Amino acid sequence: MPETYRVAVYGRTGKGNYGHQLDTAWLDVPQTQIVAVADEQPQGRAAAATRLKVDRTYASYVQMLEDEKPDIIAICPRWVDQHAEIALAAAERGVHIFMEKPFCRSPEEADAIVRACEMRHVKLALAHPTGYSPMMTTLKKLIAEGAIGQVLELRARGKEDRRGGGEDLWVLGSHMLDLILALGYQPQWCFARVLQNGEPVRKEHVVAGNEGLGPLAGDTIHATFGLADGITATFQSQRNAGGNPTRYALQVYGSRGVLDLQEGTLPPAYILQDSAWCPGRTGATWQPISSAGIGVAEPLTDARYKRRNQLAIEDLLHAIEESGEPQCGMYRGRQIVELIAAVFESHRLNAPVTLPLATRVNPLTLLD
Numbered sequence: 057m058p059e060t061y062r063v064a065v066y067g068r069t070g071k072g073n074y075g076h077q078l079d080t081a082w083l084d085v086p087q088t089q090i091v092a093v094a095d096e097q098p099q100g101r102a103a104a105a106t107r108l109k110v111d112r113t114y115a116s117y118v119q120m121l122e123d124e125k126p127d128i129i130a131i132c133p134r135w136v137d138q139h140a141e142i143a144l145a146a147a148e149r150g151v152h153i154f155m156e157k158p159f160c161r162s163p164e165e166a167d168a169i170v171r172a173c174e175m176r177h178v179k180l181a182l183a184h185p186t187g188y189s190p191m192m193t194t195l196k197k198l199i200a201e202g203a204i205g206q207v208l209e210l211r212a213r214g215k216e217d218r219r220g221g222g223e224d225l226w227v228l229g230s231h232m233l234d235l236i237l238a239l240g241y242q243p244q245w246c247f248a249r250v251l252q253n254g255e256p257v258r259k260e261h262v263v264a265g266n267e268g269l270g271p272l273a274g275d276t277i278h279a280t281f282g283l284a285d286g287i288t289a290t291f292q293s294q295r296n297a298g299g300n301p302t303r304y305a306l307q308v309y310g311s312r313g314v315l316d317l318q319e320g321t322l323p324p325a326y327i328l329q330d331s332a333w334c335p336g337r338t339g340a341t342w343q344p345i346s347s348a349g350i351g352v353a354e355p356l357t358d359a360r361y362k363r364r365n366q367l368a369i370e371d372l373l374h375a376i377e378e379s380g381e382p383q384c385g386m387y388r389g390r391q392i393v394e395l396i397a398a399v400f401e402s403h404r405l406n407a408p409v410t411l412p413l414a415t416r417v418n419p420l421t422l423l424d
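Taking my numbering, the leading residue of the sequence shown gets 57, the next gets one more, and so forth.
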């Protein structure tokens with residue numbers, strides 16, 4: 057393995073930009089060196105070169121891959137329309153990948169990326185920061201030890217801003233679905249309803265989604281996923297129904313209490329040990345959780361735990377060196393895309409659908 061990994065950065069000014077600091081994150085990882093940046097927009101490219109302290113710049117990511125032969129490419133844009141094509145180009149050249157979420161636009165695209173990475177033994181990690189958080193180990197331990205009793209259901213909501221509904225499911229719901237998977241739950245089926253202005257979504261409601269998401273519809277999502285042992289998980293979102301403070305979080309409801317988890321590197325987390333789930337009736341109080349446990353001050357105060365992507369990058373490097381799988385890699389990314397697609401497929405069929413999903417294209421393209 058190289059002493060220093062050569063990193064090429066791809067951004068797209070005006071079309072997803074550089075994501076949530078996926079470009080600058082490498083400056084804090086001493087095992088890596090940014091060697092070049094590509095951006096089709098000249099002003100954005102120049103600004104990125106200054107920001108990332110590199111001299112070598114490209115208008116084309118293909119040319120950058122050909123000339124620089126990096127060890128890793130950071131696919132930074134939030135817009136998802138180029139994710140698959142760039143990942144395939146990198147995988148064909150044996151270049152490892154760190155990518156902004158969402159992973160890609162359909163299970164079909166995800167399948168192609170997975171096949172290409174498997175053929176060249178390429179590691180791919182996604183920027184779902186909570187999946188790499190030490191908090192996940194703590195929360196799984198609390199659940200296993202019965203801190204909230206028998207788990208009964210999980211509830212997630214998006215930000216429910218102007219993106220509420222289908223776009224919220226893709227952009228923020230992908231984080232919530234990642235949390236469900238990171239806690240160890242494996243959805244087995246999905247039953248969902250997608251509405252537009254109070255009516256079930258039909259073919260005429262389908263539009264080109266923002267941020268390159270592809271065919272998209274719905275200002276309201278009601279989705280239920282079946283887990284093992286009779287547990288259910290729900291994701292719901294309604295446009296312009298968000299509040300301040302936000303409800304954007306995952307809650308795990310048990311027979312003796314509730315866990316509340318937001319997303320981030322060391323995200324805020326709380327526990328309510330109350331079988332009624334209602335402090336107004338019982339007088340119970342919410343208690344904060346740190347990586348060290350309930351009511352304990354957070355011991356992880358190093359700067360790397362305050363940065364959004366450093367733990368993910370360190371995990372990717374470890375996977376490369378140990379021939380392992382990143383904690384939030386291409387298989388989990390594909391599963392998240394499948395769960396999102398399952399919402400629209402269940403709506404299309406007006407029936408539950410089993411997982412893994414049989415339909416690999418975007419189900420909205422199949423509406424009659």
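A virtual CB, placed ideally from N, CA and C, is assigned to each residue, including glycine. Keep in mind that this is a model prediction, so the values were computed, not measured.
(message) Pull the bridge partners of ILE426 from the DSSP assignment, please.
(response) Outside the modelled stretch of the chain, which goes from 57 to 424, sits residue 426, for which no answer is possible.
(request) Please say whether GLU267 and VAL136 have beta carbons closer to each other than 9 Å? (result) Contact: yes.
(message) Taking the alpha helix (DSSP H) that CYS173 belongs to, which residues open and close that run?
(response) Counting along the chain, the alpha helix (DSSP H) containing CYS173 begins and ends at 163 to 176.
(request) Return the residue from the list ASP358, LEU405 and ALA407 that minimises the CA-CA distance to ASP84. (result) Nearest of ASP358, LEU405 and ALA407 to ASP84, Cα basis: ASP358.
(message) In the DSSP assignment, the beta strand (DSSP E) including ASP371 goes from what residue to what residue?
(response) Element bounds for ASP371: not the beta strand (DSSP E) but the alpha helix (DSSP H), 366 to 378.
(request) Please check the pair VAL257 and GLY274, which I expect to be a contact at CB under 8 Å, by giving their CB distance rounded to whole angstroms. (result) That pair is a contact at about 5 Å.
(message) For a test of the three-state rule: what should DSSP assign to ALA181, helix, strand or coil?
(response) strand
(message) If you reduce the DSSP assignment to three classes, tell me which class GLN87 lands in.
(response) coil
(request) Quickly, what does DSSP pair TYR114 with across the bridge? List them, please. (result) ALA94
(request) Grab me the residues of THR276's own chain with a C-beta within less than 6 Å of its C-beta, minus the 5 sequence neighbours each way, in chain order. (result) GLY221, LEU251 and GLN294
(request) Could you have a look at ALA305 and say whether DSSP puts it in helix, strand or coil? (result) strand
(request) Leaving out five residues on either side along the sequence, give the residues of the same chain with a beta carbon under 7 Å from the beta carbon of ALA12. (result) Since the first and last residues shown for the chain are 57 and 424, residue 12 lies out of range.
(message) Helix, strand or coil for ILE142? Go by DSSP, reduced to three states.
(response) helix
(message) Does the region 161 to 171 come into contact with the region 188 to 207, if we say contact requires no fewer than three beta-carbon pairs (one atom in each stretch) closer than 8 Å?
(response) no
(message) Just verifying my parser: in three-state terms, what is the DSSP assignment at GLY385?
(response) Of the three classes helix, strand and coil, the one that applies to GLY385 here is strand, per DSSP.
(message) Quick check: the region 390 to 397 against the region 233 to 245, are at least 3 beta-carbon pairs closer than 8 Å?
(response) Counting Cβ pairs under 8 Å, three or more are found: they touch.
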